[in-house]
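Numbered according to our numbering, the sequence shown spans residues 47 to 302.
Note that the Cβ used here is the ideal one computed from N, Cα and C, for glycine as well.
Quantities reported herein were computed from a predicted structural model and do not represent experimental measurements.
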Amino acid sequence: LDQLDSELKLPRRQRLLCHSNLPRPALDYATDDKYSAIMDDLTNQGVFKSDYSGSAELADIHILKLPENKAKSYHDQVSDFSRDYIQSIHEVDKVTVVNAKFTSLFINWNPQAIKTLLLAKNDLTGFKEEAMTTYGQMSMLQQKDGRKTDVRLHTATSKTEKVNSVFILAQMDMFEISLNSAKDDLPLFTLIMSGSKVNHHSLEGDDDNSEMTFTLGDFRMVTPDYSNTLEPYQVLLGLAPSVATSLLTVRYCKGA
Numbered sequence: 047l048d049q050l051d052s053e054l055k056l057p058r059r060q061r062l063l064c065h066s067n068l069p070r071p072a073l074d075y076a077t078d079d080k081y082s083a084i085m086d087d088l089t090n091q092g093v094f095k096s097d098y099s100g101s102a103e104l105a106d107i108h109i110l111k112l113p114e115n116k117a118k119s120y121h122d123q124v125s126d127f128s129r130d131y132i133q134s135i136h137e138v139d140k141v142t143v144v145n146a147k148f149t150s151l152f153i154n155w156n157p158q159a160i161k162t163l164l165l166a167k168n169d170l171t172g173f174k175e176e177a178m179t180t181y182g183q184m185s186m187l188q189q190k191d192g193r194k195t196d197v198r199l200h201t202a203t204s205k206t207e208k209v210n211s212v213f214i215l216a217q218m219d220m221f222e223i224s225l226n227s228a229k230d231d232l233p234l235f236t237l238i239m240s241g242s243k244v245n246h247h248s249l250e251g252d253d254d255n256s257e258m259t260f261t262l263g264d265f266r267m268v269t270p271d272y273s274n275t276l277e278p279y280q281v282l283l284g285l286a287p288s289v290a291t292s293l294l295t296v297r298y299c300k301g302a
């Protein structure tokens with residue numbers, strides 16, 4: 047990101063714009079620009095070896111497809127959705143289950159860094175649109191004289207489509223955004239979202255039946271640890287410490 051052209055050349059303490067859990071604190075790598083050590087540390091941990099048994103630091107995604115003889119059993123015992131909704135779906139031929147677990151994601155939001163990144167994105171998008179327009183015009187010229195009408199008749203086959211029941215179970219342990227100063231890149235406020243879950247069910251090719259549940263464990267806005275704010279007042283917004291439930295749960299159901 048620092049190699050991109052920018053109007054303002056401001057020094058930044060934290061040059062990692064977006065990252066997951068790291069072997070060491072991010073600022074350790076920022077000191078003396080030791081970013082190449084990130085890959086070295088991960089290699090030393092063995093995360094790139096085929097027999098590595100640890101969990102991915104950013105996400106673990108598993109896709110399970112169940113045949114017809116196991117689909118109904120899974121459909122009846124799934125516990126992440128309301129029983130009335132699940133029981134209203136009678137015919138299930140196959141099941142697809144997507145389990146996605148995201149551990150943590152950290153974003154250091156520096157206004158100038160984000161501005162530079164968005165400008166680079168706009169330049170790339172403009173180049174892509176021009177290239178695709180030129181390619182489209184060339185294709186039309188090549189097909190103009192040699193185009194022939196294909197009058198083949200496609201015989202429609204009356205084949206009964208099987209019902210595919212799709213479950214998406216996703217959760218994220220923590221998502222943190224540090225709102226940094228454009229002047230010295232020190233954090234002003236930190237937004238932390240933790241314990242989030244999204245459960246969604248739908249029938250493939252059916253827009254009339256679906257259910258989705260979104261749970262937000264906690265959402266906090268805190269001030270930096272080194273600020274002059276007293277510790278009891280560092281959390282400006284968030285779930286009370288004595289409350290054990292989630293901050294917000296929203297359920298949307300469509301169909302029978």
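(1) If L63 sits next to N154, beta carbons under 8 Å apart, how far is it from one beta carbon to the other, in whole angstroms?
(2) So, helix, strand or coil for K19, using DSSP?
(3) Please give the ranges of any alpha helix (DSSP H) in the segment 216-278, keeping only runs that are unbroken, at least 4 residues long and fully inside the region.
(4) Taking DSSP as the reference, what is the three-state secondary structure of L68?
(5) With a threshold of 16 other CB atoms inside 10 Å of the CB of M218, please say whether the residue is buried or exposed.
(6) Using a 10 Å radius around the Cβ and a threshold of 16 neighbouring Cβ atoms, would you call D86 buried or exposed?
(7) Rounded to whole angstroms, how far is the Cβ of A76 from the Cβ of P157, which I believe are closer than 8 Å?
(8) Based on the DSSP output, what are the partners of L294 in its beta bridges?
(9) Among all the DSSP beta bridges, which residues are the ones paired with A105?
(10) Check T206 in the structure and name its three-state DSSP category.
(11) Can you give me the start and stop residues for the alpha helix (DSSP H) that L88 sits inside?
(12) From this set, K140, D130, V93, which residue's C-alpha is nearest K346's C-alpha?
(13) Can you give me the start and stop residues for the alpha helix (DSSP H) that Q133 sits inside?
(14) Which residue's Cα is closest to the Cα of L68: D230, S150, I132, T259?
(15) Using C-beta distances below 7 Å, list every residue in its chain close to L285, excluding the 5 sequence neighbours before and after it, in chain order.
(16) Within its chain, find whatever has a CB closer than 6 Å to the CB of K243; leave out the 5 residues flanking it on each side and keep chain order.
(17) Quick check on this structure: which residue in T295, D271, N210, L112 has the alpha carbon closest to the alpha carbon of D253?
(18) Assuming V138 contacts K167 (C-beta within less than 8 Å), just tell me the rounded distance between them.
(19) Using DSSP bridges, identify the partner residues of F213.
(20) Out of A146, L110, L282, T259, state which residue places its alpha-carbon closest to the alpha-carbon of R297.
From the atom records:
(1) 6 Å
(2) This structure gives no information on residue 19, because the portion of the chain shown stretches from 47 to 302.
(3) If we require 4 residues or more, the segment 216-278 turns out to have no alpha helix (DSSP H) run fully inside it.
(4) Reduced to three states, the DSSP call for L68 is coil.
(5) Classification for M218: buried.
(6) exposed
(7) Incorrect: roughly 18 Å between the Cβ atoms, too far for contact.
(8) L262
(9) In DSSP, A105 forms a bridge with F148.
(10) Because the pLDDT of T206 is 49, which lies under 50, any placement of that residue in the model is unreliable, and the number read from its coordinates should be weighed accordingly. In the structure shown, T206 sits in coil (DSSP, three-state: anything other than H, G, I, E or B).
(11) 82-91
(12) Residue 346 lies beyond the residue range present for the chain, which begins at 47 and ends at 302; the question has no answer from this structure.
(13) 129-133
(14) S150
(15) D264, L293
(16) Only Q217, T261 meet the Cβ criterion.
(17) Of the listed residues, the one whose Cα sits closest to D253 is N210.
(18) Actually they do not touch by this definition, with Cβ atoms about 43 Å apart.
(19) V143, H247
(20) T259
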